[in-house]
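Inspection log for the structure reproduced underneath, given as structure tokens.
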Amino acid sequence: MSESLIDLLLEVGKALIVLVGIVGAGAFMSFIERRLLALWQDRYGPNRVGPFGLLQLAADMIKMFFKEDWIPPFADRRIFILAPIIAFTAFILAFAVVPITPTWGVADLNVGLLYILAIAGLAVYAVLFAGWSSNNKYSLLGSLRASAQTLSYEVFLGLSLMGIVIQTGSFNLRDIVEAQADLWNVVPQILGFVTFLFAGVAVTHRHPFDQPEAEQELADGYHIEYAGMKWGLFFVGEYIGIVLVSSLIVTLFFGGWHGPWLPPFIWFALKTACFMVFFILLRASLPRPRFDQVMSFGWKVCLPLTLINMLVTAAVVLISTQ
Numbered sequence: 001m002s003e004s005l006i007d008l009l010l011e012v013g014k015a016l017i018v019l020v021g022i023v024g025a026g027a028f029m030s031f032i033e034r035r036l037l038a039l040w041q042d043r044y045g046p047n048r049v050g051p052f053g054l055l056q057l058a059a060d061m062i063k064m065f066f067k068e069d070w071i072p073p074f075a076d077r078r079i080f081i082l083a084p085i086i087a088f089t090a091f092i093l094a095f096a097v098v099p100i101t102p103t104w105g106v107a108d109l110n111v112g113l114l115y116i117l118a119i120a121g122l123a124v125y126a127v128l129f130a131g132w133s134s135n136n137k138y139s140l141l142g143s144l145r146a147s148a149q150t151l152s153y154e155v156f157l158g159l160s161l162m163g164i165v166i167q168t169g170s171f172n173l174r175d176i177v178e179a180q181a182d183l184w185n186v187v188p189q190i191l192g193f194v195t196f197l198f199a200g201v202a203v204t205h206r207h208p209f210d211q212p213e214a215e216q217e218l219a220d221g222y223h224i225e226y227a228g229m230k231w232g233l234f235f236v237g238e239y240i241g242i243v244l245v246s247s248l249i250v251t252l253f254f255g256g257w258h259g260p261w262l263p264p265f266i267w268f269a270l271k272t273a274c275f276m277v278f279f280i281l282l283r284a285s286l287p288r289p290r291f292d293q294v295m296s297f298g299w300k301v302c303l304p305l306t307l308i309n310m311l312v313t314a315a316v317v318l319i320s321t322q
């Protein structure tokens, strides 16, 4: 067997391990969320299936596999089926350039940051396709809300990272992590971190920015007509999006794998898990604002913050290089 073929097989093996890890983390996060919400709300949560309820995830998967694969009448069948596939795969593909350790990662692109923004942005097509193809007014309204919110906050998501790009001079995520060996970016880029955090919550449609799925107003939004594994793809895709945003926060602002004593992978996993728990804490503690308030907050607060951060960073870099 040639050396190049062995290298190729090793890279494919790494990619499969990362893929299984991401999907597993996203699926297991749903169980952790239910347990933490139960703890904070002084109730039991899922504790019947297996020891401490640890097999609840397997029970949910079996239930979704055996539920009826139903497509509503007058729906556009092809687009209806395509939407959850896009929702599930977009965030997984975006994870390909996230460096987990100095030697572990699926791909190392010089334009990794642009790649993530481009691929993750494809998720908005899943929302639009789901809402339009379902032939349901609530689903359509939810998809319009979701697409408007996602497109708006993706602008702030990208602009909030321009300060880091100016500071490090690279779009490569490994270069950005290596530049944080002495000082994490969250210190000089605190405004960028705050806006990225807000935008990340909004893009993943998580509480309190979950207006596209508001049960009281839209009867669960754009995936109201989905059931079985199609709904499961939307469900797991949302949690994979949380894993992606949490890992990006760690990579871009909190030093990635850098840390004392422990191995790099452990540091990366611990930091990412902390922000995943933070997403759950937001759901447990904050009320849902109106949709117009969410959009107004984005354009009137987040946009000025990102522009100020970018201008200040550019000025500091310009002065320091003279």
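Take the sequence shown: its position 170, counting from 1, is numbered 170 in UniProt numbering, and each next residue is one higher.
Quick reminder that beta carbons are idealized off the backbone N, C-alpha and C, glycines included.
Rounded C-alpha distance that separates residue i from residue j
i	j	result
Phe31	Gly169	40 Å
Phe209	His258	31 Å
Leu183	Ile85	39 Å
Val317	Gln56	52 Å
Pro102	Ala123	29 Å
Phe28	Met276	11 Å
Met310	Gly192	8 Å
Arg35	Ile6	43 Å
Trp267	Ser246	13 Å
Ala58	Pro304	45 Å
Asn47	Val127	33 Å
residue 358	Leu161	In the structure as shown, the chain begins at 1 and stops at 322. Residue 358 is therefore absent and cannot be evaluated.
Phe235	Ala146	15 Å
Gly237	Val312	36 Å
Gly232	Trp299	33 Å
residue 377	Pro289	Look at the range of the chain in this structure, 1 to 322, and you will see that residue 377 is not part of it.
Leu54	Thr321	55 Å
Gly24	Ala273	13 Å
Asp60	Pro260	39 Å
Leu10	Leu19	14 Å
Leu262	Ala269	11 Å
Gly142	Lys230	17 Å
Glu89	Lys14	For clarity, residue 89 is Thr in the given sequence; the question names Glu instead. The straight-line gap from Cα to Cα measures roughly 18 Å.
Leu8	Leu114	25 Å
Integer-rounded CB distance, given that residue j should sit under 8 Å from residue i
i	j	result
Lys271	Val250	4 Å
Leu197	Gly158	Not a contact, Cβ separation roughly 14 Å.
Gln180	Met295	Going by Cβ atoms, the distance from Gln180 to Met295 rounds to 33 Å, so no, they are not a contact pair.
Ala202	Tyr153	4 Å
His207	Leu286	7 Å
Ile100	Phe254	Not really, about 14 Å apart at Cβ, beyond 8 Å.
Arg174	Asp108	6 Å
Backbone secondary structure at residue i - three-state DSSP
i	result
Arg288	coil
Thr321	helix
Asn309	helix
Phe80	helix
Ile71	coil
Ala222	Before going on, a small fix: residue 222 reads as Tyr here, not Ala. Note: Tyr222 maps to helix in three-state DSSP.
Gly13	helix
Ser296	helix
Phe254	coil
Gly121	coil
Pro208	coil
Gln41	coil
Thr103	coil
Leu54	coil
Arg35	helix
Phe227	According to the sequence as given, residue 227 is Ala; it is not Phe. Three-state result, Ala227: coil.
Asp60	helix
Pro263	coil
Pro46	coil
Leu109	coil
Val98	coil
Ser247	helix
Ser134	coil
Ser4	helix
C-beta contact flag for residue i and residue j at 7 Å
i	j	result
Tyr222	Ser133	no
Ile240	Ile22	yes
Phe91	Leu244	yes
Thr204	Phe156	no
residue 338	Asn185	As shown, the chain starts at 1 and ends at 322. That puts residue 338 outside it, with no answer to give.
Ile79	Phe129	yes
Gly121	Asn172	no
Asp69	Gly200	no
Ala75	Asn135	yes
Gly256	Val187	no
Ala96	Val106	yes
Glu33	Ile280	yes
Trp40	Ala284	yes
Glu225	Pro72	yes
Any chain C beta carbon closer than 7 Å to residue i
i	result
Leu248	Protein chains in the displayed structure number just one, and chain C is not present.
Could you give the uninterrupted runs of the beta strand (DSSP E) lying entirely in the stretch 139-196, keeping only those of 3 residues or more?
-> none
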